[in-house]
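Chemist: The structure that follows is given in the form of structure tokens.
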């Protein structure tokens with residue numbers, strides 16, 4: 104059964120909340136892999152863990168820039 108929601112702002116806020124939840128969950132998972140596997144583990148080259156964490160951090164930062172950045176209403 105499909106539920107129809109008349110208020111579009113509620114749908115958009117739920118979508119933004121879900122997106123931010125996934126962003127922060129992926130950042131936590133990337134830091135877990137970095138520190139659990141590469142820093143505290145016995146794997147000698149640490150750069151794959153740092154690269155994974157940095158990539159995820161930049162994705163989260165870009166999503167914040169798209170969400171809270173300047174609005175272009177020139178069109």
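Residue numbers (this note's numbering): 104 to 178.
Built from N, CA and C at the ideal position, the CB exists for glycine as well.
#1: Take residue 133 and list the residues in its own chain whose beta-carbon comes closer than 7 Å to its own, dropping the five residues that flank it on each side.
#2: Quick check: what's the CA-CA separation for residue 110 versus residue 118?
#3: For residue 139, does the count of other Cβ atoms within 10 angstroms reach 16, so buried, or fall short, so exposed?
#4: Tell me whether the beta-carbon of residue 163 lies closer than 7 Å to the beta-carbon of residue 130.
#5: Run through DSSP, which three-state label would residue 126 get?
Modeler: Quick answer:
#1: Within the same chain, and ignoring the five residues on either side of residue 133 in sequence, the residues whose Cβ sits closer than 7 Å to its Cβ are 155, 156 and 159.
#2: Answer to the nearest angstrom: the Cα atoms are 13 Å apart.
#3: By the neighbour-count definition (other C-beta atoms within 10 Å, threshold 16), residue 139 is an exposed residue.
#4: Cβ atoms of residue 163 and residue 130: closer than 7 Å.
#5: In this structure, residue 126 counts as helix in the three-state DSSP scheme.
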